[in-house]
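**Student:** Here you go, one structure.
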Ligand SMILES: Nc1ncnc2c1ncn2[C@@H]1O[C@H](COP(=O)(O)OP(=O)(O)OP(=O)(O)O)[C@@H](O)[C@H]1O
Ligand SMILES: Nc1ncnc2c1ncn2[C@@H]1O[C@H](COP(=O)(O)OP(=O)(O)OP(=O)(O)O)[C@@H](O)[C@H]1O
Ligand SMILES: [Mg+2]
Ligand SMILES: [Mg+2]
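Residue numbers (our numbering), protein chains in the order written: chain A, 1 to 285; chain B, 286 to 518; chain C, 519 to 887; chain D, 888 to 1141; chain E, 1142 to 1456.
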């Protein structure tokens, strides 16, 4: 029973880490390898806010906002000129972003580990089903659910999501309808960057805040995105929970096979449903 | 005053010139058609009007103002709608969304979702299908419907009847007449000459990137022999 | 003929996962050279610092260039993989390789690498320290968590056998993958057992993550968390207050009470205005010792240096007596064990307190073969 | 045409069905196509014409039924295997190699037809026969001067011509043409129709077209589809008079 | 001289630095460039010609390295047959990958290959540690023992690598202009049409994927012998990322572009890291500027400049 709660929290955490990537990947068709770096930046920014203001919540709010501004700049300056080219050039760019962001973090905060703690409100552990579950984990479940609901409404239901999806296929045609595609794209990238940082801020109290922290999560995030189906927020939530549960069970019974299981799940999905568990395919003729 | 005026426009693809010193005008509320053989430059001109092809030299006047420098989205917002020859349906959006996206900018006018569905009942049946699963003709209907839903002052139609069944073509001709009667100007490109001859009061003949002839439809029919020699219609 | 200068090629991680290590090593080694007047064999010492990126390929590529431009020795990488790769080239070129941080036992094996010398700890000895600690702390039931790779598995097997022999009950063992980020299920599992001690054979970020998450679940309240290389001051700072009470092997510590160390710490603080971490201390110690050995030969023949270093004894190292064993080029030394406690100025907020010092004879098995 | 070929069918489908979810785009279609005839396939938009063609050429998966080419079952075979078996097609939505020249486009089709294994030890320019095939078709489709033009920068109508040319190069016994005249200039419709006539010599052609004048004129037999099923089939005159076809598709034209 | 020849000349100059300046300290760097170039040339067959973005080539590269190391060190094979086996195993693994991955296209292909190669990476680091030495890898990988030449001398090894590099370049050049290369370009351009005119798309994609796996396996084996070491790092997806970057930087789909990309990448890494400790960030800026300013990579830029300076001399 407690495994389920923990699995749920692991899944939601994964979702929060991957949400920004899903968004940018699904909407702009950009594989944002710098997602991990933005996530790391979010953690450092949150740490900084916490050490200045003493409030976890200040960090949780400020880090995404600052990262979103940085994301907007990245999009305006670098990404915008290459949309018309083959998608792979965006890869090169985002690789460049990784190096630049990492360097910036190194210059600003140095190499030492930084730390953050859960807010007062969620500091202790709660007895549940005979286990003590850290209440911060419960916070993550709730927070993840809220973020996913918000994203779901933004993307699948609203006209905003419609524009983004249309523009990912044929931006020119969207322009003829009088819609400012560039602005929308900047918005999406910036929002995705903010989400990445949000993930970092939420993860801060759980993981060491260090330079390499972004490098590791990117693969996890990819797995969520793939299993969920491109840019499909509902799919991403489902996938994250599925992985969270799988991992929780894995840790209970065979910890050394956990990574393995995750990949088997991924490869299995891709073989059975190459487009991901939650997407549909079009026709070609 | 003309609604749209293109003055002495040159358009290039790379180094190749596709339009030479082209001037055309569309008056408010009229139907004008542009005819010419394959590769004459018709689509190129429509795209240039819509800001999708840069105008190397020349001027675009819209609503009495110089619109040469306006971007595609500004032109769209000021009331020009474009129905491209290759339809360009949004593949990942369903039929309903493909239509609704055209209403995002919220221009007031006579067209709304219901009217489009009345015009093309087939679209209503396929409302929840993704754009890229539609048949060719369904996509064509959708492209026209999407153009209408922006409630334009000027509608650029590039071969709108291509791939449509005869019955639907009839409906579309009626609809165009109706749209026009409601005050929308139309610039029509067609291969199927029946349609422009029936609808348009004025014609432009384009060949090899040059406007070779322009005038009333009656004159076109009367001077047919001469013009045929000119551009081998 | 004698070269103009004594060239040292230093290939250290200044970036990548171990990037944090490079700085301390560089400062320690620099100080070692400075404190001997910047000279060896009567010639100025010239060090070229290169970034190994914590990756084997750049490490070897840079070492190759350093050697071909006349480096007399290589001062080596931090990760075991990079070190192993460097050993390939240094053995090939017959250039001494000084290792002061990598702990993999294989790096110094009997009749193994002629040109490799390690002056720092091995993981094997650290595991044995953990065992001694288990006994000293009177733990009865122990649960194990080890990062899933060969060295830890071997270490665990050794620990388990010896612990069981000493009457300690082994409750369980889990091997989550290296670089694991979520220990919550394992922590929950352990908290439901009646183990009184948890041995964590993990290091770096993995250890930090575990301790952070264990702290939130309150695992440390009734169980002793300890491990061979679980904590030092850098890592404790990353964990925060939840680290207090965690016990760990310590490679070097500035609080060691001996004249050599006092002099070193004083000079280090004067120069860099910070406490030397274990990377700095070990680098200082190894570099000083090696250069002394070279100096003692009065020769530019590298074979002479190898011979001189082999079997040399350093009575006054910063960690007390050290002896370079000839059979495997591993320095025999005492083992330091400590626990994280709250510190006050001028010390960091969290500091290690050395609680046990184990003697070499219980930590190093005899050289096999 | 000998007597046996008259009797046998060259392409036959038995009760085929294509469904997308609950929606049946094609159902209950059984038809025998005789060698050497030109079939016109008409019907309202969305009736399932293209989908039927997809089913025959292997692009759409059958949920039911079987397809035979020359009495060989080809159900489930991939499109390229069907091409080798003698089935060529053009697409309603132009499918060309846009960033290559027109000549390269044609040369590729010729190469695909000539080699099963693509040799890698000789430059492609050294294979004369391929270049000759390409040149021949280039003039057949009336794009002589355009060999060195990038296919993507051809006008829409010229791309349609290239589309047919690509299908021709596989020397198909059965040729499926999906609205080849769509977008073809008024002045060249005659030429295009001539081209279709010419290429239909000695092969079976299935032609989807909304240009009724053309279909009625050149088809030997006409098949009308409605809502995924075959509504009627027969000679042009019969079809023209069929009231069901008039209400569903043709309208009350003068 | 046309632009292509000019490019060839630049490449020739870079790789003949050790001949032009014997006794320099850059021979290790040039050797690494030769090896990575073989990898990149093979990778570009898949990436630049067939248009398949693979993020799994690290697997073939790394497996080649392990194959060579294990066969020479544990089985006592000679170097050359072991190198051949590295290529064969690299190619075979690529073939296996292709059966899984070719079912999907575009970004999914990239991600699926990435996932498969990460699986290999995890296996090598943990479950196969008896064979691979786990995360610590295997040190002491040998170099060839041929004609009594001491290939442990980097200067001599250079010639061995040069010969293989030239061979790899020739084969790739031939493939590009052969019917196979054309067919692959067709598939990249329009898969639907390619299949309809009779190309067996999947088989062709599998073939080129396998060929490039062979390139990767051989180059991986060579790298292991160059640095006397093989470890799971070579299998990590970031190795795939490196080769993608190199090829993009140099210019995908061109014969010499990938080589230029490799050279620039390696030289910058070596040179910049000597200049400043902030070299990482600077390298990142260079990537960004190159992407924005050079739509066709360095090779594209050079061709453009050449055509501008030498008008009329079009290739
Ligand atoms: N993207 C492009 N790049 C280069 N040249 C182009 C491009 N698009 C069109 N052209 C060329 O410009 C000329 C005009 O093409 P356009 O598409 O405007 O013709 P059109 O009159 O619309 O013909 P159709 O009736 O066949 O659609 C043609 O010669 C064509 O080859
Ligand atoms: N992959 C698919 N998924 C869902 N529906 C599809 C798919 N392919 C086709 N359809 C539907 O099947 C119906 C038949 O389509 P088809 O393209 O065969 O029509 P058609 O007769 O060729 O029409 P047109 O004359 O307009 O080209 C259409 O309503 C279309 O939306
Ligand atoms: Mg046109
Ligand atoms: Mg159709």
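Using N, Cα and C, we set each Cβ at its ideal position, and we do this for glycine too. Keep in mind the model is a prediction, meaning the values are calculated, not measured.
Closer than 8 angstroms is the cut-off here; do at least three beta carbon pairs connect the region 355-374 of chain B with the region 144-157 of chain A?
**Tutor:** no
**Student:** Could you check how far apart the C-beta atoms of residue 163 of chain A and residue 179 of chain A are, in whole angstroms? I think they sit under 8 angstroms.
**Tutor:** 6 angstroms
**Student:** Cβ-heavy atom distance between residue 300 of chain B and ligand 5 below 7 angstroms?
**Tutor:** Because ligand 5 does not appear in the structure shown, any question about it cannot be addressed here, the ligands present being ligand 1, ligand 2, ligand 3 and ligand 4.
**Student:** What residues in the region 295-307 of chain B have a beta carbon less than 7 angstroms from any beta carbon of chain D?
**Tutor:** 298
**Student:** If you run the structure through DSSP and keep just helix, strand and coil, what is residue 613 of chain C?
**Tutor:** coil
**Student:** Can you list, in chain order, the stretches of the beta strand (DSSP E) that have 3 or more residues and sit fully within the region 627-711 of chain C?
**Tutor:** 634-636, 659-664 and 687-692
**Student:** Output needed for residue 677 of chain C: all residues of its chain with C-beta closer than 6 angstroms, excluding positions within five of it in sequence on either side, in chain order.
**Tutor:** 645 and 649
**Student:** Could you tell me the boundaries of the beta strand (DSSP E) in which residue 132 of chain A lies?
**Tutor:** 131-134
**Student:** Starting from residue 992 of chain D, trace the alpha helix (DSSP H) in both directions and tell me its first and last residue.
**Tutor:** 989-1001
**Student:** Could you check whether residue 395 of chain B and residue 503 of chain B sit closer than 8 angstroms to each other, using their CB atoms as the reference points?
**Tutor:** no
**Student:** Quick check for students: name the residue ranges of the beta strand (DSSP E) that lie wholly in the region 326-369 of chain B, counting only runs of 3 or more.
**Tutor:** 342-347 and 365-368
**Student:** Give a yes or no on whether 8 angstroms exceeds the smallest Cβ distance from residue 995 of chain D to chain E.
**Tutor:** yes
**Student:** Count the other C-beta atoms from every protein chain shown that fall within 10 angstroms of the C-beta of residue 103 of chain A, then say buried if there are 16 or more, exposed otherwise.
**Tutor:** buried
**Student:** Measuring alpha carbon to alpha carbon, tell me which residue in E/1250, E/1371, E/1315 and E/1179 is nearest residue 1284 of chain E.
**Tutor:** E/1371
**Student:** Could you list which residues in chain C have their beta carbon closer than 7 angstroms to that of residue 1449 of chain E, in chain order?
**Tutor:** Going along chain C, no residue has its Cβ under 7 angstroms from residue 1449 of chain E, so there is no contact; the nearest lies around 37 angstroms.
**Student:** What runs of the beta strand (DSSP E), each 3 residues or longer, lie entirely inside the region 756-787 of chain C?
**Tutor:** 765-768
**Student:** From which residue to which residue does the alpha helix (DSSP H) around residue 216 of chain A run?
**Tutor:** 213-228
**Student:** Report all residues from its chain with a CB closer than 8 angstroms to the CB of residue 93 of chain A; omit the five preceding and five following residues, and keep chain order.
**Tutor:** Closer than 8 angstroms at Cβ, skipping near neighbours: 78, 79 and 82.
**Student:** For chain E, find out if any of its Cβ atoms is closer than 8 angstroms to the Cβ of residue 190 of chain A; answer yes or no.
**Tutor:** no
**Student:** Three Cβ pairs or more, each shorter than 8 angstroms: is that satisfied between the region 1441-1452 of chain E and the region 1143-1155 of chain E?
**Tutor:** yes
**Student:** Using a Cβ-Cβ cutoff of 7 angstroms, what residues of the region 1365-1380 of chain E are near chain C? List them in chain order.
**Tutor:** 1368, 1369, 1370, 1372 and 1374
**Student:** For the beta strand (DSSP E) containing residue 293 of chain B, name the first residue and the last one.
**Tutor:** 287-298
**Student:** Please report the straight-line C-alpha distance between residue 1111 of chain D and residue 1058 of chain D, rounded to a whole angstrom.
**Tutor:** 27 angstroms
**Student:** What is the C-beta distance between residue 836 of chain C and residue 797 of chain C, in whole angstroms, given that I count them as a contact (C-beta under 8 angstroms)?
**Tutor:** Actually they are not in contact, since the Cβ atoms of residue 836 of chain C and residue 797 of chain C sit about 13 angstroms apart, beyond 8 angstroms.
**Student:** In whole angstroms, what is the alpha-carbon distance linking residue 1199 of chain E and residue 1273 of chain E?
**Tutor:** The alpha-carbon atoms of residue 1199 of chain E and residue 1273 of chain E are separated by roughly 16 angstroms.
**Student:** Is residue 709 of chain C closer than 8 angstroms to residue 6 of chain A when the C-beta atoms are compared?
**Tutor:** With a cutoff of 8 angstroms on beta-carbon distance, residue 6 of chain A and residue 709 of chain C are scored as not near each other.
**Student:** Within 8 angstroms of any Cβ in chain C, is that where the Cβ of residue 1295 of chain E sits?
**Tutor:** It does; some Cβ of chain C falls within 8 angstroms.
**Student:** Determine, using beta-carbon pairs with one atom in the region 949-968 of chain D and one in the region 1041-1052 of chain D, whether at least three such pairs fall under 8 angstroms.
**Tutor:** no
**Student:** Please list the residues of the region 495-508 of chain B that have a C-beta atom closer than 8 angstroms to any C-beta atom in chain D, keeping them in chain order.
**Tutor:** none
**Student:** Within 8 angstroms (strictly less), CB to CB, does residue 1343 of chain E reach chain A?
**Tutor:** Output row for residue 1343 of chain E: interface = no.
**Student:** Are residue 380 of chain B and residue 414 of chain B touching if we call contact CB-CB under 8 angstroms?
**Tutor:** yes
**Student:** Express the C-alpha separation of residue 728 of chain C and residue 863 of chain C in angstroms, rounding to a whole number.
**Tutor:** 27 angstroms
**Student:** Taking all protein chains shown into account, decide if residue 1288 of chain E is buried (16 or more other Cβ within 10 angstroms of its Cβ) or exposed.
**Tutor:** exposed
**Student:** Is it the case that the Cβ atoms of residue 1426 of chain E and residue 1351 of chain E are separated by a distance below 8 angstroms?
**Tutor:** Not closer than 8 angstroms, so no.
**Student:** Alpha carbon to alpha carbon, how far is residue 1128 of chain D from residue 324 of chain B?
**Tutor:** 38 angstroms
**Student:** Please list, in chain order, the chain E residues whose beta carbon lies closer than 9 angstroms to that of residue 256 of chain A.
**Tutor:** 1267 and 1268
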